[in-house]
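One structure is given below, encoded as structure tokens.
Numbering (the numbering used here), first residue to last: 41 to 138.
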């Protein structure tokens, strides 16, 4: 079963369209998803957003630093630094790569 946030948002949207109240949606989802269920306050928030309309269930792209290094030169430089000293911290690696 897909317990991702977007899948759970789709379930919320579907059940809300059927006329279910947010508290009942939470009880049903908690029974199905268990510990993976999103928090009750988020279910209420998404129900309110769906009532207004025009809400996308997908996560929006966020601004900020990328979490994945896509530059092969940087990747190889970090790998070389790690090979030189395996006890280096991420801060030392960051300072050496600049």
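Ideal Cβ positions, reconstructed from N, Cα and C, are used throughout, including at glycine.
Return the chain-ordered list of same chain residues with a C-beta closer than 6 Å to the C-beta of residue i, the five sequence neighbours on each side being excluded.
i	result
residue 70	77
By the three-class DSSP mapping on this structure, what secondary structure does residue i have?
i	result
residue 91	helix
residue 62	helix
residue 83	helix
residue 44	coil
With C-beta atoms as the reference, is residue i less than 8 Å away from residue j?
i	j	result
residue 84	residue 62	yes
residue 98	residue 46	yes
residue 121	residue 112	no
Give me, in chain order, the residues of the same chain whose beta-carbon lies closer than 8 Å to that of residue i; leave out the 5 immediate sequence neighbours on both sides.
i	result
residue 91	56
Ignore the nearest five residues each way along the sequence and tell me which others in residue i's own chain have a CB closer than 7 Å to its CB.
i	result
residue 66	80 and 83
Give me the Cβ distance between residue i and residue j, rounded to the nearest whole Å; I'm assuming they're in contact under 8 Å.
i	j	result
residue 89	residue 95	4 Å
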